[in-house]
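Residue numbers (the working numbering): 124 to 549.
Ideal placement from N, C-alpha and C gives every residue a C-beta, glycine not left out.
Note that this is a predicted model, so its numbers are computed, not measured.
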């Protein structure tokens, strides 16, 4: 049970006087707990838990529209996906024979090819998962067994905007809603990954959640800037026609008609000019060129301020979107390290889900081996510096061993730990 649930149970015990009561009172405490949760959280229609801040679930589809139509947000989601797609290694406990390891790797490889088989296997499935995670703040997978339960037939993504949670049997139970009702998603076959969730609310939080207002300002600014720059960025001819004096005996109406005819003739002449032709007129016509030399630096400064809001709202750093406002190497390195902390945390969640899938498949195959899924490191840069630091570390360990500070067993342990770190970085 999570710390959040323990805290609620502790509060419940103090409210109902649970101290000193027997085991038979547990169902009553569970019932009261459901009531407390129903009051503490927003329970909407059908008894489904609402998102934090009581946001409607339709906002998830708005996030998708923003991702697909706003370049900065599309780039942010794409960047997060590629940062996390580092791959995974399979780890074994000590004592597993090489024959068993080979058999396990073969079963897992077959499963990776089988799931999502028509659309690229496990690699493409993880790409879909990451896209959902960074667009909606959550992702769901459902395990589909072969009819005789002899192996996992498929693992399919679940559209997270259809997922709702209900408090059942002392935990949040997931349902998939549709036009004709709702389908209960069995906990043993459903995997739900949440990003930046609240302590006791299972729904995730999208990295786009704080941005709709900023995006609206940005898109309006871009539209206004495009119209203004189009008007100011092109040279134009300004034709000034000086009307002749009205002839003697000419009525006002006749004079106006004659001037309009002259203007129409002049307009036709101008519209038929090629780029290498010149205009020849009497001296009652002035031709001036209005240069498109105006500049509006305020637009760029304003747009840059808006972009900075989007960058921070998506938890990215300027350098990852091609913008670096510092001049030192340390500035970019610190940004990249912060990003990698988040990548490691997310990939650990995904690794736990893959462990569940793989170990379930191994059990169905009759293989009594448990595997560990280890995310590979995202640190592909500065390889030379890492190798230099590792060499210095080995030399230091050897000197400590020669001086008697480390025993042979301690030296071997440190060497093995370094080897495991290198494996995780491949």
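Item: Coarse secondary structure for residue 187, derived from DSSP in three states; Value: helix
Item: Closest Cα partner of residue 275 within the set 300, 515, 234; Value: 234
Item: Backbone CA spacing between residue 497 and residue 336 [nearest angstrom]; Value: 39 Å
Item: Residue 470 versus residue 526 - alpha carbon distance; Value: 41 Å
Item: Helix, strand or coil at residue 308 [DSSP, three-state]; Value: coil
Item: Pairwise C-alpha distance: residue 350 and residue 386; Value: 29 Å
Item: N- and C-terminal bounds of the beta strand (DSSP E) containing residue 382; Value: That residue, residue 382, is in no beta strand (DSSP E); its alpha helix (DSSP H) goes 375-394.
Item: Residue 341 (DSSP reduced to helix, strand or coil); Value: helix
Item: Beta-carbon spacing of residue 331, residue 427 below 8 Å; Value: no
Item: Unbroken beta strand (DSSP E) run spanning residue 284, endpoints; Value: Looking at the DSSP string, residue 284 is not in any beta strand (DSSP E), and its letter there is neither H nor E.
Item: Reduced DSSP secondary structure (H/G/I, E/B, other) of residue 539; Value: helix
Item: Best match in 197, 298, 240 for proximity to residue 171 [C-alpha to C-alpha]; Value: 298
Item: Per DSSP, cross-strand counterpart(s) of residue 438; Value: Answer is none; residue 438 lacks a bridge partner.
Item: Residue from 509, 296, 467 with nearest C-alpha to residue 500; Value: 467
Item: Inter-residue CB distance, residue 410 and residue 362 (contact presumed, cutoff 8 Å); Value: 6 Å
Item: Between the CA atoms of residue 204 and residue 462 - distance to the nearest angstrom; Value: 12 Å
Item: For residue 520 and residue 261, the rounded distance between their alpha carbons; Value: 44 Å
Item: Own chain partners of residue 186 with C-beta closer than 7 Å, once the 5 adjacent residues on each side are dropped; Value: 258, 259, 329, 331
Item: Inter-residue Cα distance where the pair is residue 198 and residue 192; Value: 11 Å
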